[in-house]
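Numbering (our numbering), first residue to last: 206 to 290. Just so you know, even glycine gets a beta-carbon here, dropped at the ideal spot from N, CA and C. Take a look at the structure below.
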């Protein structure tokens, strides 16, 4: 069996239909690269999710633990949050 790493934090980025069109897909790629270069895999993991059923607030992302949600975000806000939490 391989080693199973549990990260301290997880950023869930919605890339569903509306979120994806409003920057979710680009945010996922940016956050994934940022986490790789600025954090270790045990510190923060970036996961793309399908629809979170909050389409009127697109794009949406969430950082766990802490249950912090961002709606209609700017990419800079997400990257700052990744460093703060």
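Check	Outcome
Start-to-end residues for the alpha helix (DSSP H) that takes in residue 239	230-243
C-alpha distance - residue 283 paired with residue 207, whole-angstrom precision	31 Å
Residue 251 - containing beta strand (DSSP E), residue span	249-254
Alpha-carbon spacing of residue 244 relative to residue 212, whole angstroms	11 Å
Proximity below 8 Å, CB of residue 224 to CB of residue 280	no
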